[in-house]
Amino acid sequence: MPLPKKVLLYARLSVTTEESVSIERQLESARKTAEARGWEVVGEHVDDGVSASRVKPEDRVGWRAVLAHEGRLDAVIVWKIDRLARRVLDFLHADEALQARGAGIVAVEDPIDMTTPQGRAFAVMLSVFAELEAATISARVTAAREAILRAGRRAGGRPPFGFMNVENPAGPGMVLAHDPERIDLVREMAARAAAGDSLYSISRWLETDGVAPRARVGKVDADHWHDASVEAVLRSPALAGMTAFRGDLIRGGDGLPVVDESVAIMSPSERRQMLATLDAAKRPGSRSTSNKEPALLYGIVRCGSCDSLMYRATAAGKYRQYRCQQKACTQRMGIARDALERHVPEAVLRERGDKLLVKSVPIVGDDDGTLVEIEHAIRETTEAMTKEDADLVALVERLQALKRRRSEARTGEDRPQAQYRVSGQTFGHEWMRVGDEDIEARRQLLMGQLEAVRIMPGGGRGRAFDASRAVLVWKGASASDERLTHALQSAASKVPEFIVVGH
Ligand SMILES: [Zn+2]
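Residues in the sequence shown are numbered consecutively from 562, following the working numbering.
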């Protein structure tokens, strides 16, 4: 009776779980195979979390232990040969190394017998297929992810701030849901952003209210809100119930983003308008994009001689001033800063404190926002066409679908280029609401009312404060604007005699 063959078992599981057969199941079926053939198992070796495509067998701890086995070895049992290698050359090298010490590979699921020429040829063929399969895995993973997202499910990853992953009540997997502790914060953030509040003022509000951003391991200063973290929350497509996918959004057959109404806290057109407001704020000159607070009257106070903007300055290290910095200016006005910063808000509150604020919204919506969404989708689609790896056929199809939708949605009537929103709040109320801590927000409020404050020459010492030196140039309501008139008419009966246009 011949001695029983001595065999080792080898199992591998990849980091990408393209196969769902666990290490234990691989080993279990290998053990059964050994038992059925009357072989003696002399050891088991495992490579867990190791990709066969990226790590050659000879570079794996488990496989090296197989080769280093001391004593007689007749065969190594694997569940399938792709557990050993996904490249033909890798497989042949591994086989060669085993042969050198008199052992062959046996696969449970693949009929491999490396001792005959037929078995050898068949093994090579199988490993060719395994290699082809590996090449398509990344494509299949992407496709699977898209399918999961299209089904309205989560495909892993952190949910956006204000949302959480919950078990899908209607089937397998996870879906997005509101995080009850945070969703109202996101609503408030979005409302403030849509109303034109700066990222800076929103982050200040969150900090003041003690709202904790979500911890991000390893990020510097991660427990504070910044412009960037506020903006990231606001720009999440989840706010409108939409899902990002590979730099685009998950779209329906008509090319428009798919919207999950159950998680949306704003309509697509409201989101579009809020993003336009955020974008507008980033344009140079529109408002501060940094965390550094400007002086309250920066951008407003101008030299009465040369009309250029005046900046904060110190005089003899003593008086803080606004001063003309134009070298060519003949008079270079200066004025005491503290007194001017008290005087100007007082004058504005006196003049306009009880007037209703009307905000112009920088982007137009048709009534339900559909046309805007379509136009936006068309622009996104044409932009996507210029990318190097663009799927042109799919994009052209989408473009055609969108253009069909657009001609259906068009009413023939020309849409206005801007619209106004009556906030229902007075200037004075808004001034108190933002508080004296938020200088940038108050500066924005003043800029909504004042074209400029011109500083005229004073008598005597020249830079001392005198209210008569500050000439306030008001921004007027464009009462001739039909759309403004319309907004006011629909705002209610209590329209005051004078209207303040903000923003
Ligand atoms: Zn000047």
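For each residue, glycine too, the CB sits at the ideal point set by N, CA and C.
For clarity, every value in this text was computed on a predicted model and none was experimentally measured.
- F1026 carries a coil assignment under DSSP once its states are collapsed to helix, strand and coil.
- Here the distance from the Cβ of S762 to the nearest heavy atom of ligand 1 is not below 6 Å.
- In summary, E601 is exposed, with fewer than 16 beta-carbon neighbours lying within 10 Å of its beta-carbon over all protein chains present.
- Among the bridge pairs identified by DSSP, D608 is matched with R573.
- In the DSSP assignment, C885 forms a beta bridge with M871.
- About 7 Å separates the beta carbons of L836 and R796, which is inside the 8 Å limit, making them a contact pair.
- H739 sits in a strand when the DSSP states are folded into three classes.
- In terms of Cα proximity to W640, the closest of R967, G680, L574 is L574.
- The Cβ atoms of S762 and D999 lie closer than 7 Å to each other.
- The three-state reading of DSSP puts D809 in strand, counting E and B together.
- In this structure, Q887 has its CB closer than 6 Å to one or more heavy atoms of ligand 1.
- The DSSP-derived three-state label of A1031 is strand.
- When the alpha-carbon of C890 is set against those of I896, V622, A874, S866, the nearest one is in S866.
- Within a 10 Å sphere around the beta-carbon of G713 sit 16 or more other beta-carbons, which makes this residue buried.
- Under the three-state reduction of DSSP output, L659 falls in the helix class.
- Taking F806 as reference, the option from T943, G717, F1026, R913 with the minimal CA-CA separation is G717.
- A distance criterion of 6 Å places the beta-carbon of R863 beyond contact range of ligand 1, judged by its closest non-hydrogen atom.
- Taking non-hydrogen atoms of ligand 1 into account, the C-beta of S866 is found less than 6 Å away from one of them.
- The straight-line gap separating the alpha-carbon atoms of N726 and R959 is approximately 30 Å.
- Distances taken from the Cβ of R893 to the heavy atoms of ligand 1 include one shorter than 6 Å.
- A straight-line Cα-Cα distance of about 34 Å links R881 and T838.
- Pairing S869 with Q892 gives a Cβ-Cβ distance that is not under 7 Å.
- Inter-residue distance for D609 and K948 is about 38 Å (C-alpha atoms, whole angstroms).
- When DSSP reads this structure, M725 sits in a beta bridge with A738.
- The count of Cβ pairs closer than 8 Å, one atom from the region 580 to 598 and one from the region 616 to 624, stays below three, leaving the stretches out of contact.
- Linking F988 to D840 through their CA atoms gives a straight-line distance of about 25 Å.
- DSSP places A636 in the uninterrupted beta strand (DSSP E) bounded by 636 to 639.
- Residue L588 holds the alpha-carbon nearest to the alpha-carbon of V607 among R615, S614, K593, L588.
- Under the DSSP assignment, E1012 falls in the beta strand (DSSP E) whose first and last residues are 1011 to 1016.
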